[in-house]
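Asks: Take a look at this one; I'll ask things after.
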Amino acid sequence: MKLESFWQATAPEFTGAASGALPTVADVVVIGGGFTGISTALNLARQGINVVVLESGNVMSQASARNGGHCNTGVSQNFASLVASQGIEQASRFYRAFDDAVSYVQQLVREEQIDCDFRLCGKLKLASKASHFPGLRSAWQLMRDTVDPEIELISKDEIRREVGSDAFHGGLLQKRGGQMHMGKFGMGLANAAARAGAKIFPHHAVTGLTRLDGYRHRVTTARGEIIAEKVMMATGVSNEGPFPWFQRRIVPVGSFIVVTEPLGDALIEQVLPKDRTYVTSLNIGNYFRTTADRRLVFGGRARFAVSNPTSDTRSGEVLRAAMTALFPQLGKSRIDYCWGGMVDMTSDRLPHAGEHDGVFYSLGYSGHGTQMSVWMGRVMADLLAEKRNENPWQRDAWPALPGYHGKPWFLPLAGLYYKAKDRLS
Numbered sequence: 001m002k003l004e005s006f007w008q009a010t011a012p013e014f015t016g017a018a019s020g021a022l023p024t025v026a027d028v029v030v031i032g033g034g035f036t037g038i039s040t041a042l043n044l045a046r047q048g049i050n051v052v053v054l055e056s057g058n059v060m061s062q063a064s065a066r067n068g069g070h071c072n073t074g075v076s077q078n079f080a081s082l083v084a085s086q087g088i089e090q091a092s093r094f095y096r097a098f099d100d101a102v103s104y105v106q107q108l109v110r111e112e113q114i115d116c117d118f119r120l121c122g123k124l125k126l127a128s129k130a131s132h133f134p135g136l137r138s139a140w141q142l143m144r145d146t147v148d149p150e151i152e153l154i155s156k157d158e159i160r161r162e163v164g165s166d167a168f169h170g171g172l173l174q175k176r177g178g179q180m181h182m183g184k185f186g187m188g189l190a191n192a193a194a195r196a197g198a199k200i201f202p203h204h205a206v207t208g209l210t211r212l213d214g215y216r217h218r219v220t221t222a223r224g225e226i227i228a229e230k231v232m233m234a235t236g237v238s239n240e241g242p243f244p245w246f247q248r249r250i251v252p253v254g255s256f257i258v259v260t261e262p263l264g265d266a267l268i269e270q271v272l273p274k275d276r277t278y279v280t281s282l283n284i285g286n287y288f289r290t291t292a293d294r295r296l297v298f299g300g301r302a303r304f305a306v307s308n309p310t311s312d313t314r315s316g317e318v319l320r321a322a323m324t325a326l327f328p329q330l331g332k333s334r335i336d337y338c339w340g341g342m343v344d345m346t347s348d349r350l351p352h353a354g355e356h357d358g359v360f361y362s363l364g365y366s367g368h369g370t371q372m373s374v375w376m377g378r379v380m381a382d383l384l385a386e387k388r389n390e391n392p393w394q395r396d397a398w399p400a401l402p403g404y405h406g407k408p409w410f411l412p413l414a415g416l417y418y419k420a421k422d423r424l425s
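Residue numbers (full-length UniProt numbering): 1 to 425.
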């Protein structure tokens, strides 16, 4: 078993890194070389804007290439709960933003001819307990009448046509859900940005950020400084670097994934006959999908811990046990890849985007970032270029988490809390 991301291990190389010394000036400096940062750079470069991307490690090396590979419509929380907290108009706006984001990813794949196995296959949320199904029914009724007339409720009697397991009590099918190979998409997106004229500098960690006036900043790295007319923060879990304001608002939560050996068409047909993306209804649940070479990608919050080799290995054991409990057919299947990554979680489990103290930002996708991060790159590029001001995630305030300063000391307690909720629900 390899302790590395399947997406990274099987992706092409990034060939568009900038050469030579760091420039001394730029119209926009983007901090972070993942989906948000690279999409922002691509959209700015297409408009002829001088944009520089600074990435502390390799391009697409963190959440953008360490996730579960889903590209789905829908927010990260129950839609009925979102309506209760935000109102139907705002909740509908958020939901439609995710739908637009999936369409935009599909558009980019087509425009840039990115070979990344993209396909729309539908997202199925599975009721892990009988007591969870009424909640899915209520969500189905509300979403059908407001934001998604094609949504489908699947009863316990019918769920076997979707999933080869006796563990589930029905499901909720959102037909616009999709998936792709994250490494291939990320490298394709980064190379497209470089072709458009973006200057992308891997291994250029930002060590200082000084506001000069208005939006102008001095951006300092170990390899030089840039005077930027505008700065865009696209760091995801920004728990390193001189970004204390953001670090008090984003909690890094570990998520872990295993990938099986190629299983073959016959076994996939037994386990997942409709071959969609899947997520279970538990608070500490699982998500899974297949790959183009017929592997199963199976992930979840296996342990409330940060990602490191020891933690990833233990989490892989937990995930293998969960996978075979749901699908005994896979009991003899080999695990080829295991890895972890950090989710940039916010207190309301929604993204936040806008401007603070002269720095633009789009962060906090809370586990649903694949599509939204790419789409927000286009949105933020338009804001930076002063072309449009259509930002669904701009809120009046983004309060810091009380008692939190960037180190998630409370994760074990959170894990115990959500495990108790799952037992009692």
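Ideal Cβ placement from N, Cα and C applies to all residues, glycine included. Quick caveat, the model's predicted, so the values are computed rather than measured.
1. For residue 10 and residue 60, what's the separation of their Cα atoms in angstroms?
2. When DSSP labels each residue in this structure, what does residue 42 get in the three-state scheme?
3. Taking 8 Å as the threshold (C-beta atoms), are residue 366 and residue 349 in contact?
4. In angstroms, rounded to a whole number, what distance separates the CA positions of residue 326 and residue 298?
5. What does DSSP give as the partner residue(s) for residue 174 in the beta ladder?
6. Can the beta-carbon of residue 142 be found closer than 8 Å to that of residue 79?
7. Could you tell me which residues DSSP puts in a beta bridge with residue 340?
8. Pull up the DSSP beta-bridge partners for residue 224, would you.
9. Which partner residues of residue 179 appear in the DSSP bridge assignment?
10. Just to confirm, are residue 177 and residue 73 a CB contact at a threshold of 8 Å?
11. By Cβ distance below 8 Å, which residues in the same chain neighbour residue 335 in space, the five residues on each side in sequence not counted?
12. With distances taken from CA atoms, which of 341, 308, 400, 372 is nearest residue 40?
13. Just verifying my parser: in three-state terms, what is the DSSP assignment at residue 269?
14. Using three-state DSSP, classify residue 132 as helix, strand or coil.
15. Looking at residue 208 and residue 244, is the spacing between their C-beta atoms short of 8 Å?
16. What is the rounded straight-line gap between the Cα of residue 155 and the Cα of residue 127?
17. CB residue 175 to CB residue 158, shorter than 8 Å?
18. Less than 8 Å between the beta carbons of residue 283 and residue 14, yes or no?
19. State the Cα-Cα distance for the pair residue 46 and residue 227, rounded to the nearest angstrom.
20. Pick out whichever of 379, 391, 382, 345 has its Cα sitting closest to the Cα of residue 404.
21. Around the C-beta of residue 5, are 16 or more other C-beta atoms found within 10 angstroms, so that it is buried, or is it exposed?
22. Assuming residue 54 and residue 25 are in contact, meaning their beta carbons sit under 8 Å apart, how far apart are those beta carbons, in whole angstroms?
23. On a Cα-Cα basis, can you pick out the residue from 382, 390, 364, 408 that is closest to residue 76?
24. Would you kindly report the start and end of the unbroken alpha helix (DSSP H) that includes residue 111?
25. Alpha carbon to alpha carbon, what distance is there between residue 388 and residue 270?
26. Does DSSP put residue 232 in a helix, a strand or coil?
27. Compare the Cα-Cα distances from residue 121 to each of 131, 102, 134, 111 and report the closest residue.
28. Where does residue 216 fall in DSSP's three states?
29. Taking contact to mean 3 or more Cβ pairs, one atom from each stretch, closer than 8 Å, check whether the region 184 to 202 and the region 14 to 23 are in contact.
30. Any contact of the region 349 to 362 with the region 223 to 240, i.e. 3+ C-beta pairs under 8 Å?
31. Grab me the residues of residue 117's own chain with a C-beta within less than 6 Å of its C-beta, minus the 5 sequence neighbours each way, in chain order.
32. Taking DSSP's pairing of strands, which residues face residue 289 in a bridge?
33. Under the rule that 16 or more other beta-carbon atoms within 10 Å means buried, what is residue 392, buried or exposed?
34. Quick check on residue 212: buried or exposed, where buried means 16 or more other Cβ atoms within 10 Å of its Cβ?
35. So what does DSSP say about residue 282, is it helix, strand or coil?
36. Taking just the CA atoms, how far does residue 135 sit from residue 84?
Replies: Taking the coordinates as given:
1. 13 Å
2. helix
3. yes
4. 11 Å
5. 123
6. yes
7. 256
8. 221
9. 70, 119
10. yes
11. 1, 258, 259, 260, 261, 316, 320
12. 372
13. helix
14. helix
15. no
16. 10 Å
17. no
18. no
19. 21 Å
20. 345
21. buried
22. Actually they do not touch by this definition, with Cβ atoms about 14 Å apart.
23. 364
24. 88 to 111
25. 49 Å
26. strand
27. 102
28. strand
29. yes
30. yes
31. 180, 181, 292
32. 297
33. buried
34. exposed
35. coil
36. 14 Å
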